[in-house]
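Novice: My questions will all concern the structure given below.
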Amino acid sequence: MLIEEETLPETYPVKRSSVVFRDELSGLEKTHLHLRGTRYKQMLVALLSWCVLAVLVGRGYAYSRGAPDQVCQSMTPLHQGAPPQTPGTSPFLVTPALLQAGQGSPLKLMVSSPSELTFAGFFLQARDPRDPLEPLGTFTAVPGFAQAINCASGVRNAVTHVNSTGKKSLQFEWEPPADYEGPIQFNATFVQDYSTFWVGVLSDKVEVAKRSVDNPAQSTGISTTRAPKTSTVPAYVPEVEVKAAATDDPIYSGCGSTKSCFGAPDQCLDTKSCTAVTTVQVEGDRYTFEVKGRGAGYAAVALSEDSKMVNILHT
Numbered sequence: 001m002l003i004e005e006e007t008l009p010e011t012y013p014v015k016r017s018s019v020v021f022r023d024e025l026s027g028l029e030k031t032h033l034h035l036r037g038t039r040y041k042q043m044l045v046a047l048l049s050w051c052v053l054a055v056l057v058g059r060g061y062a063y064s065r066g067a068p069d070q071v072c073q074s075m076t077p078l079h080q081g082a083p084p085q086t087p088g089t090s091p092f093l094v095t096p097a098l099l100q101a102g103q104g105s106p107l108k109l110m111v112s113s114p115s116e117l118t119f120a121g122f123f124l125q126a127r128d129p130r131d132p133l134e135p136l137g138t139f140t141a142v143p144g145f146a147q148a149i150n151c152a153s154g155v156r157n158a159v160t161h162v163n164s165t166g167k168k169s170l171q172f173e174w175e176p177p178a179d180y181e182g183p184i185q186f187n188a189t190f191v192q193d194y195s196t197f198w199v200g201v202l203s204d205k206v207e208v209a210k211r212s213v214d215n216p217a218q219s220t221g222i223s224t225t226r227a228p229k230t231s232t233v234p235a236y237v238p239e240v241e242v243k244a245a246a247t248d249d250p251i252y253s254g255c256g257s258t259k260s261c262f263g264a265p266d267q268c269l270d271t272k273s274c275t276a277v278t279t280v281q282v283e284g285d286r287y288t289f290e291v292k293g294r295g296a297g298y299a300a301v302a303l304s305e306d307s308k309m310v311n312i313l314h315t
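The opening position of the sequence shown corresponds to residue 1 in full-length UniProt numbering, with each subsequent residue numbered one higher.
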C-alpha cells in the first residue's frame, strides 16, 4: 500500500491525499482520492465527461485487430525497440495436414501450441521457398478468431488475428493457385506479447502436384504423411471465447446507481463484458476509483481540468 500526501501550488489552495492499493485476489487496483474545494469538484465533472481509458491489450503487431498490410512482405511486428526471437525457439507450430496437394484443391493446416502457452497475435502466409517474397494461394476457410487479408495484388492470401485474446490452436483451409506446381512452405509470425515474438516460423514443405487431366477429382490424393517433429498434432477443437457471467465481476455492481462507470469498447457496460473498465464512487469528499482490464495489457485513467486533457493531474 502506498500513501502519498502533498500540498499543491498556491493556484490550488487545498491538500490532496491518495491511497493506492492492489487487491491480490481480484487483481483490482483502487485509489481513494480526497479532494476538497470547488475547483476540484469542477475537475471531477471534467473527469466524468472526458474520462480517458488507455487500453493496450495483447499489443500484437501494435495492432490488436491484426497485422497491417505494410508488413505483408517482412511479416515483422511494428514493435519499436523489441527484436524478434530466433525462429527455431518458437513454442508455436504451423502444421499442414498433408505434405502433398493438388492444384486448386484445399489443404487443411493448423497453427497451434503443444504447450500451455497461448499466442495473442499471428500472421500466416504460404510462399514458394525458392522465391519467398510473395504470398501464394488463397485461404478459403478461416476460423472466428482470424481474418483473411489481401497482400500485394493477391486476394485472401494471408491471415491474421482479429483480437488479442490468447489462442492455442486455429485451423485453416488454404488452396494453391490453379496453375502452380512445386513446393510451398507456410511462413508464420507469432506474437506472445509486445516484446516476445517470432518471425519466420516455417512449416514442413508441401509439394503441389499438377492436376491430373484424366481424373482430376482424384488428383488431390496424398501418398505420404509425416508427424510433427516434436509431437503429434492434437485433434482440432474449435476455440470458444468464454466470457464470465455478468454476476461474476463485482466491478459492474452499482454502475449507474451508486457509482459512475466507463468501459471500452463502446456499449460493453450493457453486457458487462468490457476489455477495460473504470469506475468512480463519491462519498462526501472521498472519491474511490476502480480500474480493471482483461488480457495481457494495462488500463489507465487520467484526471484533467479541461475537456482536452491538456492539464492532467497525476495522483
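Ideal Cβ placement from N, Cα and C applies to all residues, glycine included.
Assign residue 253 to one of two classes, buried (16 or more other C-beta atoms within 10 Å of its C-beta) or exposed (fewer than that).
Specialist: Residue mapping note: residue 253 aligns to position 253 of the sequence shown, counting from 1. Exposed: under 16 other Cβ atoms inside 10 Å.
Novice: According to DSSP, residue 123 sits in a beta bridge with which residue or residues?
Specialist: Within the sequence shown, numbered from 1, the residue matching residue 123 stands at position 123. The partner list for residue 123 (beta bridge, DSSP) reads 160 and 189.
Novice: Since residue 140 is in the alpha helix (DSSP H), which residue starts that stretch and which ends it?
Specialist: Stepping through the sequence shown from its first residue, residue 140 is reached at position 140. Note, residue 140: premise wrong, no alpha helix (DSSP H); beta strand (DSSP E) at 138–141.
Novice: Tell me which residues share the same chain as residue 112 and place their Cβ nearer than 8 Å to its Cβ, disregarding the 5 neighbours each side in the sequence.
Specialist: On the sequence shown, residue 112 is found 112 positions in, with the first residue counted as 1. The residues are 92, 93, 95, 168, 169, 170, 233 and 234.
Novice: Buried or exposed: which applies to residue 201, given that a residue is buried once 16 or more other Cβ atoms fall within 10 Å of its Cβ?
Specialist: Position 201 of the sequence shown, counting from 1, holds the residue named residue 201. Per the 10 Å Cβ criterion, buried.
Novice: Nearest to residue 172 by alpha carbon, out of 179, 159 and 163?
Specialist: Numbered from its first residue, the sequence shown carries residue 172 at position 172. Cα-wise, what sits closest to residue 172 is 159.
Novice: With which residues is residue 262 paired in a DSSP beta bridge?
Specialist: Stepping through the sequence shown from its first residue, residue 262 is reached at position 262. Partner(s): 278.
Novice: Looking at C-beta atoms only, is the number of pairs between the region 123–135 and the region 177–196 that lie closer than 8 Å three or more?
Specialist: Yes, since at least three Cβ pairs between the region 123–135 and the region 177–196 fall closer than 8 Å, the two stretches touch.
Novice: If you run the structure through DSSP and keep just helix, strand and coil, what is residue 88?
Specialist: Indexing the sequence shown from 1 puts residue 88 at position 88. Residue state, collapsed to three classes: helix.
Novice: Among all the DSSP beta bridges, which residues are the ones paired with residue 107?
Specialist: What you label residue 107 is simply residue 107 of the sequence shown in a count that begins at 1. DSSP output for residue 107 lists 174 as bridge partner(s).
Novice: Are the CB atoms of residue 191 and residue 120 nearer to each other than 8 Å?
Specialist: Residue 191 sits at position 191 when you count from the first residue of the sequence shown. Residue 120 sits at position 120 when you count from the first residue of the sequence shown. Result yes, Cβ atoms of residue 191 and residue 120 sit closer than 8 Å.
Novice: If you reduce the DSSP assignment to three classes, tell me which class residue 71 lands in.
Specialist: In the sequence shown, the residue the question calls residue 71 occupies position 71. Helix at residue 71.
Novice: Going by the CB atoms, is the gap between residue 206 and residue 136 shorter than 8 Å?
Specialist: As a first step, residue 136 is located in the sequence shown; it is residue number 136 there, counting from the start. As a first step, residue 206 is located in the sequence shown; it is residue number 206 there, counting from the start. It is not a contact, given that the beta carbons lie outside the stated cut-off.
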